[in-house]
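Below is one structure, written out as structure tokens; comments come after it.
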Amino acid sequence: MTRRFPADFTWGAATSAHQIEGAAGLRGASIWDTFSRTPGRVVGGHHADVSADHYHRYRDDVRLMAELGLTAYRFSVSWPRVQPDGSGAIRQKGLDFYRRLTDELLAHGIQPWLTLYHWDLPQALEDKGGWPERDTAYRFADYAAAVHEALEDRVHTWATVNEPWCAAFLGHASGEHAPGRRDPAGAVRAAHHLNLAHGLAVQAIKPSRVGGCVNLYAITPATGDDHDAARRIDGLQNRFFLDPILKGGYPEDVLDDMSIELDFMKCRDLAVICQPIDLLLVNYYSRFTVSSRPGPASAAAAPTVTASPWVGSEHVSFVSGGRPVTAMGWEIDASGLLEVLTRVAFDYRPIPMVIAENGAAFPDVVSGDRVHDPGRLAYLRDHLAACLSAIQLGIPLEGYFAWSLLDNFEWAWGYGKRFGLVHVDFATQRRLPKDSALWYAEIIRQNKRHEPTDS
Ligand code: PNW
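Quick note: the sequence shown uses the UniProt record's numbering, first residue 1, plus one each step.
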């Protein structure tokens, strides 16, 4: 596998602001602060006030990235650090942090890839109704314009909204994520307004290089009788976001399944959502095997969840596909990565893509200065091989970002699930690159050193 990626392939790792920054006193409150402080919402009662303290340790962390040989780093901006109330005054000190971070990256030859929204909505906007309200999309466009004005000279690629499916349906239907609502109609409103926010932000960011970010799943019907279940879950998870962004319309079958009033969707919204974009950021983790018979309503639910995120398709259940699972209980299937990339290229169009997140939670075995994580190493190896297969098929895959650079606050699971290439001891903040990080660094090194052999 080594030596055959294109010479200009982007080698990255990703994080998000709320999950790593800490320094909660130097920003406004977000919905995740409120959610984390609500008993029973996050495993262990964990919160992200300090987390990996990246806000204060970003220089060390950029040095680690340089040691790994990364050519790009995907991070997100904390909206409440830059605009504490989500509207009105911009906090220059917040923007200054991202100026320092991007300067440090550029000084080390690492491209900054900036995501504008990775789930930390200012609580002040939630108090006004949050994503189910249309106005939140307009507030996001204003925030996007302010960040763009401050950082356009430093950022290589912009991403709008990270995984709108999670923000909408885990946040407002199952309630597994902040703001923890269980209101199916509100979840669909949130999904549409997140899509609208994407389109408005693209308008604000152009002509800089910009894309949207979706989490796509490979989906298999459990038996020959389960094709309707597969159509429904594919519709909600994948097509409800890909169709408006790339085709300018919502999938009719999904709207029918939902059977809710759609008066909040305006025709002209679709033209905004379907703005031309330069690339699509694809997050890939797993494959779902689905059934129309009763059973568990989610393949990836935190222990805190009771409601289904699948609006209008609550009867669909998730069964084992018989593959090994990660510590999240997510099935490992690298062939699904190739499948989702192929699907975008053939069902939509061959738009340039990057894998913007891919990775696995496993328990780390720390032994002296070494951290052994064979499961993660194998996961990355197999998924990178799938990336190479995609490239060899002619799919325009331009880069790969491992999730995540650092162990971090894993949302409803708190600090109990570790996705990092680099181990973080949260008591001492000591960082230790894991075996998977050393392996990834070697792959990057070999691909940088050699000219591609077959392109
Ligand atoms: C993504 N699911 O989240 C996020 O972008 C990251 O912030 C997160 O840490 C990472 O994946 C690992 O979880 C997801 O339930 C959370 O299907 C939940 C799901 C998918 C993605």
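Note that the Cβ used here is the ideal one computed from N, Cα and C, for glycine as well.
Any non-hydrogen atom of ligand 1 closer than 6 Å to residue i Cβ
i	result
serine 78	no
cysteine 213	no
asparagine 358	no
glutamate 163	yes
serine 436	no
serine 313	no
serine 51	no
serine 16	yes
cysteine 387	no
cysteine 166	yes
Beta bridge counterpart(s) of residue i as assigned by DSSP
i	result
glutamate 357	Asn283
leucine 400	A small fix is needed here, since residue 400 is tyrosine in this sequence, not leucine. Trp11 and Ile355, per the DSSP bridge assignment.
tyrosine 117	Val161
glutamine 92	For glutamine 92, which the question treats as bridged, DSSP gives no partner whatsoever.
histidine 423	Leu432
serine 30	Pro122
threonine 304	According to DSSP, which records beta bridges pairwise, threonine 304 is partnered with nothing at all.
glutamine 111	Ala72
serine 291	Ser317
arginine 323	None, per the DSSP bridge assignment.
valine 371	Val366
glutamate 331	Val325
Endpoints, beta strand (DSSP E) assigned at residue i
i	result
arginine 74	72-76
asparagine 408	No beta strand (DSSP E) contains asparagine 408, which DSSP labels as neither H nor E.
isoleucine 277	Segment: none, isoleucine 277 is in no beta strand (DSSP E) and carries neither H nor E.
valine 366	365-367
N-terminal and C-terminal residue of the alpha helix (DSSP H) that residue i is part of
i	result
proline 80	79-82
aspartate 234	227-234
serine 389	374-392
glycine 193	According to the sequence provided, residue 193 is histidine. The question's glycine does not apply to it. Taken as a continuous stretch (DSSP letters only), the alpha helix (DSSP H) holding histidine 193 covers 184-205.
histidine 56	54-68
isoleucine 220	According to the sequence shown, residue 220 is threonine rather than isoleucine. Premise fails: threonine 220 lies in the beta strand (DSSP E), 210-221, not in any alpha helix (DSSP H).
histidine 315	From DSSP, histidine 315 is part of no alpha helix (DSSP H); its letter is neither H nor E.
arginine 445	435-449
serine 335	334-343
glutamate 252	252-258
glutamate 149	135-151
valine 272	267-273
glutamine 237	Note, glutamine 237: premise wrong, no alpha helix (DSSP H); not H, not E.
isoleucine 395	Counting along the chain, isoleucine 395 falls outside any alpha helix (DSSP H), and DSSP gives it neither H nor E.
isoleucine 245	Note, isoleucine 245: premise wrong, no alpha helix (DSSP H); not H, not E.
alanine 173	No alpha helix (DSSP H) contains alanine 173, which DSSP labels as neither H nor E.
histidine 18	17-20
Of the residues the options, the one placed nearest residue i, counting alpha carbons only
i	options	result
tryptophan 330	Glu163, Ala360, Glu314 and Leu338	Ala360
alanine 159	Pro352, Pro179 and Trp113	Trp113
valine 202	Ala145, Gly249 and Ala191	Ala145
valine 50	Thr428, Ala345 and Asp435	Thr428
serine 76	Pro251, Ile391, Val155 and Asp243	Val155
isoleucine 233	Arg81, Thr220 and Thr15	Thr220
leucine 236	Lys247, Asp257 and Ala222	Asp257
asparagine 215	Leu421, Asp369, Ile355 and Ser78	Ile355
proline 84	Pro122, Leu70, Ala66 and His108	Pro122
arginine 41	Leu68, Gly171, Gly129 and Pro6	Gly171
lysine 448	Thr15, Leu68 and Thr157	Leu68
tyrosine 217	Thr342, Ala24 and Arg182	Thr342
threonine 115	Asp347, Trp79, Asp253 and Pro363	Trp79
glycine 86	Ala29, Tyr98, Arg99 and Tyr73	Ala29
tryptophan 131	Ile277, Ser291 and Pro179	Pro179
glycine 21	Val422, Phe419, Leu406 and Leu421	The sequence given here has glutamate at residue 21, not glycine. For glutamate 21, the nearest C-alpha among the options comes from Leu406.
lysine 206	His423, Gln275 and Asp243	Gln275
leucine 388	Gly414, Val43 and Ala334	Ala334
aspartate 226	His372, His315 and Val340	His315
lysine 247	Ala187, Val325 and Ile351	Ile351
alanine 222	His423, Gly322, Thr71 and Pro433	Gly322
phenylalanine 240	Gly224, Leu270, Asp263 and Asp373	Leu270
phenylalanine 169	Glu339, Val311 and Lys434	Val311
alanine 437	Gly199, Asp425 and Ser404	Ser404
phenylalanine 401	Ala7, Asp8, His54 and Arg74	Arg74
Heavy atom of ligand 2 within 6 Å of residue i beta-carbon
i	result
serine 36	Absent from the structure shown: ligand 2. Ligands present: ligand 1.
Interface flag, residue i vs chain C, CB-CB below 7 Å
i	result
glutamine 275	In the structure shown, chain C cannot be found, because there is only a single protein chain.
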